[in-house]
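Every letter in the sequence shown is one number past the one before it in full-length UniProt numbering, and letter 177, counting from 1, is 177.
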Amino acid sequence: MSLISRLNQQSGGKNITSSQKDRILQHNMKIIHIDLTRIERSPVQHRRSFDKKARESLARSIEKHGLRTPVLVKTKADGTYRLIAGERRLQAHEDLGKAQILAAVLDDVVNEKDEVTISLIENFQRSNPNAYEEAIGGTLLLSAELQKPREDIAAHLNQLYNARDTEEAQLQIAQIEFLFDEVGLPSFVTFVTTRLPTLSYPVEVQQLLNDNLLPFTHCQLLARIKDDTHRQKAMEHALQHPGITVNDLKTFIQKLTKPTAGKQKTVGTLIQDNYKKIWKKVPPEDRVVLESLIGKIEDMLAKYQ
């Protein structure tokens, strides 16, 4: 029986919320104050970026009312602790300059596989995860459940997706759907076709998505742009035009990546495109000389057009 099923059973068969989960678990754990310096971030924590306003609001609440829900930790072999859930609360305590935090020690409650599940529930129920966070969380969950390295999960899921009409694949997919449903992840097909690809997005697009600077649909368009320069220009355009629609961004990208038929680049543009890294290093006085020479070349070529 999975961790969530066990907790739901203890709650009378009803689906539990994050706070209810905490209260149930706390009946079977010790609650203590721990120095922040003795808590190590979880290696499976999928979320590191939190909304600044939400983080500040949480810090103000803790300062005024105290910490209502302890963070969840597990004791390490060296006597320090590993954080399982409560990254935002821990960050808020750091922001407030506090030395200690109230923590619930789960040593006798959960195993290593349960740690990932608890962490996902904690984050997914307390905040709205973006597609990139869901991709990381889902692969971490399946890595723990299937006992496979996380880097192998994407290939495994794609194989199942391609074989989804077979009985064997359907059985495995049903088990994955059950796990995803317990922690609030989307369906298997949605996960494979829309969430999983975010793990291969260019780093700068992942950052936009992770920081919630642009909607997922916009990031999907940006990730498809192969040329780094074009992608950077499209990103800047989207960020400089808050509220830009998907269609407007798509139109901008099409104009950017598909020059008007018959339009030729000038010699100067070609040189700057092909030698852009070197061009940036050319001092102003030499650049003037080069631009003059380029102009002469263009004038000579124009005679033969």
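Here a beta-carbon is modelled for each residue, glycine too, at the ideal position from N, C-alpha and C.
Query raised in the report: Taking the alpha-carbon positions, what's the A92 to K258 distance?
Result: For the purposes of this step, residue 92 is taken as residue 92 along the sequence shown, with counting starting at 1. For the purposes of this step, residue 258 is taken as residue 258 along the sequence shown, with counting starting at 1. The alpha-carbon atoms of A92 and K258 are separated by roughly 47 Å.
Report task. Return helix, strand or coil for H241, following the three-state DSSP convention. Result -> The sequence position of residue 241 within the sequence shown is 241, counting from 1. If DSSP states are grouped into helix, strand and coil, H241 belongs with coil.
**Report entry** Beta carbon of residue 308 nearer than 8 Å to that of A234
**Finding:** Given that the chain is displayed from residue 1 to residue 305, the structure contains no residue 308 and the question cannot be resolved.
Report task. Could you say if the region 85–104 and the region 31–38 meet the contact criterion of at least three C-beta pairs nearer than 8 Å? Result -> yes
Query raised in the report: For the putative contact between F188 and F180, defined by C-beta atoms under 8 Å, what is the C-beta separation to the nearest angstrom?
Result: In the sequence shown, the residue the question calls residue 188 occupies position 188. In the sequence shown, the residue the question calls residue 180 occupies position 180. 7 Å between Cβ atoms; contact.
Query raised in the report: According to DSSP, is I84 helix, strand or coil?
Result: The count along the sequence shown starts at 1 and reaches residue 84 at position 84. Strand at I84.
Query - Rounded C-alpha distance that separates E63 from E94 - result: Within the sequence shown, residue 63 is the residue found at index 63, counting from 1. Within the sequence shown, residue 94 is the residue found at index 94, counting from 1. Whole-angstrom Cα-Cα distance: 12 Å.
Requested in this report: Would you kindly check if the distance between the Cβ of Q172 and the Cβ of L160 is under 8 Å?
Outcome: Numbered from 1 along the sequence shown, position 160 holds the residue referred to as residue 160. Numbered from 1 along the sequence shown, position 172 holds the residue referred to as residue 172. Cβ distance < 8 Å, so L160 and Q172 count as in contact.
Query raised in the report: By Cβ distance below 7 Å, which residues in the same chain neighbour H156 in space, the five residues on each side in sequence not counted?
Result: Residue mapping note: residue 156 aligns to position 156 of the sequence shown, counting from 1. Excluding residues within five positions, the ones whose Cβ falls inside 7 Å are K148.
Query raised in the report: In whole angstroms, what is the alpha-carbon distance linking L120 and V183?
Result: For the purposes of this step, residue 120 is identified with residue 120 of the sequence shown, where counting begins at 1. For the purposes of this step, residue 183 is identified with residue 183 of the sequence shown, where counting begins at 1. Near 6 Å, if we compare the C-alpha coordinates of V183 and L120.
Requested in this report: Select from Q175, N247, I294, R224 the residue whose C-alpha is nearest the C-alpha of V203.
Outcome: Taking the sequence shown and counting its residues from 1, the one referred to as residue 203 is at position 203. The residue with the shortest Cα to Cα distance from V203 is R224.
Query raised in the report: So who's on the other strand from K30, going by DSSP bridges?
Result: Residue numbering aside, residue 30 sits at position 30 when the sequence shown is read from its first letter. Bridge partners of K30: V105.
Query - As assigned by DSSP and simplified to three states, the class of T75 - result: To locate residue 75, count along the sequence shown from 1; it is residue 75. If DSSP states are grouped into helix, strand and coil, T75 belongs with the strands.
Query raised in the report: Going by C-alpha distance, which of A163, N162, L142 is nearest I153?
Result: Translated into the one-based positions of the sequence shown, residue 153 becomes position 153. Considering only alpha carbons, the answer is L142.
**Report entry** Closest residue to V71 among W279, D228, S57, S42 (Cα-Cα distance)
**Finding:** Taking the first residue of the sequence shown as position 1, residue 71 is located at position 71. Answer by Cα proximity: S42.
Query raised in the report: Among residues of its own chain, excluding the 5 on either side of T139, which ones have a beta-carbon nearer than 6 Å to its beta-carbon?
Result: Here residue 139 corresponds to residue number 139 of the sequence shown, with the count starting at 1. Counting only Cβ-Cβ distances below 6 Å, and skipping sequence neighbours, we find R150, I153.
Report task. Please state whether DSSP places D248 in a helix, a strand or coil. Result -> Taking the sequence shown and counting its residues from 1, one reaches residue 248 at position 248. Three-state DSSP puts D248 in a helix.
Query raised in the report: Expressed to the nearest angstrom, what Euclidean distance is found between the alpha-carbon atoms of I297 and D228?
Result: Here residue 297 refers to the residue found at position 297 when the sequence shown is read from its first residue. Here residue 228 refers to the residue found at position 228 when the sequence shown is read from its first residue. When rounded, the distance between both Cα atoms is 28 Å.
Query - Cut-off 7 Å between Cβ atoms - residues of its own chain near K206, not counting five sequence neighbours on either side - result: Along the sequence shown, one-based indexing puts residue 206 at 206. Per the sequence presented here, residue 206 reads as Gln, with Lys not at that position. These residues qualify, in order along the chain: Y132, T198.
Report task. Quick one: residues in its chain with C-beta nearer than 7 Å to the C-beta of S82, no 5 flanking neighbours on either side, listed in chain order? Result -> For the purposes of this step, residue 82 is identified with residue 82 of the sequence shown, where counting begins at 1. Sequence inspection shows Arg at residue 82; the Ser mentioned does not correspond to that position. Within the same chain, R82 has close Cβ partners E40, S42, V73, K74, K76.
Query raised in the report: Which residues bound the alpha helix (DSSP H) around I136?
Result: Translated into positions along the sequence shown, residue 136 becomes position 136. Segment 131–146, the alpha helix (DSSP H) holding I136.
Report task. Determine the closest residue to L208 out of A238, R68, V192, K226, with distance taken between C-alpha atoms. Result -> As a working mapping, residue 208 is identified with position 208 in the sequence shown. The candidate whose alpha carbon is nearest that of L208 is A238.
Query raised in the report: What's the gap between the Cα of L256 and the Cα of L106?
Result: Position 256 of the sequence shown, counting from 1, holds the residue named residue 256. Position 106 of the sequence shown, counting from 1, holds the residue named residue 106. In a straight line, the C-alpha of L256 is about 54 Å away from that of L106.
Query - Of the residues D286, K53, R195, T69, the one placed nearest P129, counting alpha carbons only - result: Here residue 129 refers to the residue found at position 129 of the sequence shown. Nearest of D286, K53, R195, T69 to P129, Cα basis: R195.
Query raised in the report: Could you check where the alpha helix (DSSP H) with S57 kicks off and where it finishes?
Result: As a first step, residue 57 must be located in the sequence shown, where it is residue number 57. Its alpha helix (DSSP H) spans residues 52–65.
Report task. Might you give, ordered along the chain, the residues of its own chain that have their beta carbon closer than 6 Å to the beta carbon of K30, omitting 5 neighbours on each side? Result -> The count along the sequence shown starts at 1 and reaches residue 30 at position 30. Within the same chain, K30 has close Cβ partners V105.
Requested in this report: Have a look at Y201, K226, T117 and flag the residue whose alpha-carbon is nearest the alpha-carbon of C219.
Outcome: Taking the first residue of the sequence shown as position 1, residue 219 is located at position 219. If we check each option's Cα against that of C219, Y201 comes out closest.
Query raised in the report: In terms of alpha-carbon separation, which member of R231, L221, H230, K226 lies closest to T245?
Result: Sequence index remark: in the sequence shown, residue 245 carries index 245 (1-based). For the residues R231, L221, H230, K226, the minimum Cα distance to T245 belongs to L221.
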